[in-house]
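Q: Numbering (our numbering), first residue to last: 33 to 122.
No residue lacks a Cβ here, since even glycine has one placed at the ideal position from N, Cα and C.
Just so it is clear, the structure is predicted and the values come from calculations on it, not from any experiment.
#1: Spatial neighbours of residue 79 within its chain, please: CB distance less than 7 angstroms, with the 5 preceding and 5 following residues excluded, ordered by chain position.
#2: Buried or exposed, going by whether 16 or more other CB atoms sit within 10 Å of the CB of residue 53?
#3: Quick one: what's residue 102 bridged to in DSSP?
#4: To which residues of the same chain is residue 43 closer than 7 angstroms at the C-beta, ignoring the five residues directly before and after it?
#5: Got a sec? Which residues, its chain only, sit under 7 angstroms from residue 63 by beta carbon, not counting five neighbours each side?
#6: Between 60, 40, 100, which lies nearest to residue 69 when the distance is taken from Cα to Cα?
#7: Would you kindly report the start and end of the unbroken alpha helix (DSSP H) that includes residue 83?
#8: State the start and end residues of the unbroken beta strand (DSSP E) segment that holds residue 86.
#9: Taking the beta strand (DSSP E) that residue 56 falls in, what are its first and last residues?
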């Protein structure tokens, strides 16, 4: 299944590399990446499109743990977009 993860990320060195590594290591194949600075220039708005048979929550849990990542939203891409539940907090 293919899905998008949208998030806000700090502009610290290696932030984007950590996001991509989290996806790759956990078995999610990158299909697209869109990065834009926020209006104030202090953060990035990131849209990561990945494909995997694994549940999206597996990647979401790892991204939530990363410093500087916030406002995570996940959307399933299958004709029309439908929300995919984020990981439940432990």
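A: By the coordinates alone:
#1: Numbered from 1 along the chain shown, position 47 holds the residue referred to as residue 79. The answer, listed in chain order, is 36, 38, 66.
#2: Translated into positions along the chain shown, residue 53 becomes position 21. So residue 53 counts as exposed.
#3: Mapped onto the chain shown, residue 102 falls at position 70. DSSP, once it has assigned bridges, lists 40 as partnering residue 102.
#4: The residue you call residue 43 lines up with position 11 of the chain shown. Excluding residues up to 5 positions away in sequence, 74, 75, 76 lie with their Cβ nearer than 7 angstroms to the Cβ of residue 43 in the same chain.
#5: Here residue 63 refers to the residue found at position 31 of the chain shown. Result list for residue 63: 34, 81, 82, 83, in chain order.
#6: To locate residue 69, count along the chain shown from 1; it is residue 37. With distances taken between Cα atoms, residue 69 lies closest to 40.
#7: Taking the chain shown and counting its residues from 1, one reaches residue 83 at position 51. It is not in any alpha helix (DSSP H) - residue 83 instead sits in the beta strand (DSSP E) that spans 75-83.
#8: The residue you call residue 86 lines up with position 54 of the chain shown. Residue 86: not part of any beta strand (DSSP E); DSSP gives it neither H nor E.
#9: As a working mapping, residue 56 is identified with position 24 in the chain shown. Looking at the DSSP string, residue 56 is not in any beta strand (DSSP E); the run it does join, the alpha helix (DSSP H), is 47-57.
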